[in-house]
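Residue numbers for the sequence shown follow the working numbering, so the first one is 18 and each next one is one higher.
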Amino acid sequence: MAHYDKKHLMVGSSMGLVFLVLLALMFSPLYGDGMNALEYSDHLFNTIAKGSTEYIPGLEAEVQEYDGEQLELTLKAPTDEKNPDELAMRIAAVLGKVADVSVENATLTVSGAVSPVLNTVLEDSMDMFENRGDTVSGRYGMDERLVLFTWWQALGEMSQELKHQGGKEKTQLAAFMDSIQKRAVEVGYNFYGIEPEHASDRAGVLTFALVFYIFYTVWWGMTIFYLFEGLGLVMSAGDKKEV
18 MAHYDKKHLM VGSSMGLVFL VLLALMFSPL YGDGMNALEY SDHLFNTIAK
68 GSTEYIPGLE AEVQEYDGEQ LELTLKAPTD EKNPDELAMR IAAVLGKVAD
118 VSVENATLTV SGAVSPVLNT VLEDSMDMFE NRGDTVSGRY GMDERLVLFT
168 WWQALGEMSQ ELKHQGGKEK TQLAAFMDSI QKRAVEVGYN FYGIEPEHAS
218 DRAGVLTFAL VFYIFYTVWW GMTIFYLFEG LGLVMSAGDK KEV
């Protein structure tokens, strides 16, 4: 039969109340520009992540290895694409700035030098990473995020076609396009609109967040412990039976 312990039950209840108050404050829009604690911490870590991300300059240096190489590709919109004609026209709009592109029945024929294409992708990605979205939008007359998403789709289609054509050089170029897609286009898209910061500049806030997380977790664990103690729910060793 459980034996209630009023003292431990009172302590556990009080700690639980404090926990709920802190939880309510964490979910209130009291931090930054009307953010709750979770949104603020997510934004903080995004700014720090952006401050430590510098992939694009390295990719720009690698593009030089493809100077003089040519592209001859036939790209077809994916069969699961809801509007293949619209996709083909968007890809033609961005690729057409640096290559010869023709479109017929949602199929694109692309020819041109490799380096200008890749350098343009990296330039647009860097502009987005540096929050110069108006510059990107002005180049193509479409939303800056849509421009980068279109480059992401175009790189995927070009990479797939190069792999289909086969050969060591084309396979290597396809792999490099995949790298640009992930380390430049996705980075520029995901970090667009975020101001970069370095961890050393926010050491105080990061230290507080870590200490508070540990404190809050231990506090909740002790709350459960005292509540169980107060309710008489205590584990005890069973009696040993001799054979």
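Note that the Cβ used here is the ideal one computed from N, Cα and C, for glycine as well.
Would you mind stating whether residue i and residue j have Cβ atoms separated by less than 8 Å?
i: residue 169; j: residue 203; result: yes
i: residue 153; j: residue 111; result: no
i: residue 60; j: residue 51; result: no
i: residue 26; j: residue 248; result: yes
i: residue 72; j: residue 135; result: no
Please classify residue i as buried or exposed, where buried requires at least 16 other C-beta atoms within 10 Å of its C-beta.
i: residue 243; result: buried
i: residue 23; result: exposed
i: residue 193; result: buried
i: residue 234; result: exposed
Do you know whose CA, among the options, lies nearest residue i's CA?
i: residue 167; options: 196, 152 and 206; result: 206
i: residue 171; options: 94, 224 and 201; result: 94
i: residue 264; options: 50, 155, 161 and 132; result: Residue 264 cannot be examined here, being either before or after the span of the chain that is shown, 18 to 260.
i: residue 129; options: 91, 158 and 150; result: 91
i: residue 131; options: 148, 97 and 186; result: 186
i: residue 108; options: 97, 138 and 79; result: 138
i: residue 102; options: 114, 113 and 123; result: 123
Quick check: what's the CA-CA separation for residue i versus residue j?
i: residue 208; j: residue 196; result: 17 Å
i: residue 125; j: residue 199; result: 23 Å
i: residue 20; j: residue 246; result: 9 Å
i: residue 218; j: residue 144; result: 24 Å
i: residue 142; j: residue 62; result: 21 Å
i: residue 241; j: residue 37; result: 13 Å
i: residue 159; j: residue 151; result: 10 Å
Given 8 Å as the limit, is there contact between the segment 115-124 and the segment 178-189, that is, 3 or more CB pairs closer than that? Short answer: they don't touch.
Indicate whether the contact test is met: 3 or more Cβ pairs, each with one atom in the segment 68-81 and one in the segment 209-227, closer than 8 Å. Cβ pair count under 8 Å is three or more, so yes.
At least 3 beta-carbon pairs within less than 8 Å: the segment 220-228 vs the segment 82-89: No, the segment 220-228 is not in contact with the segment 82-89.
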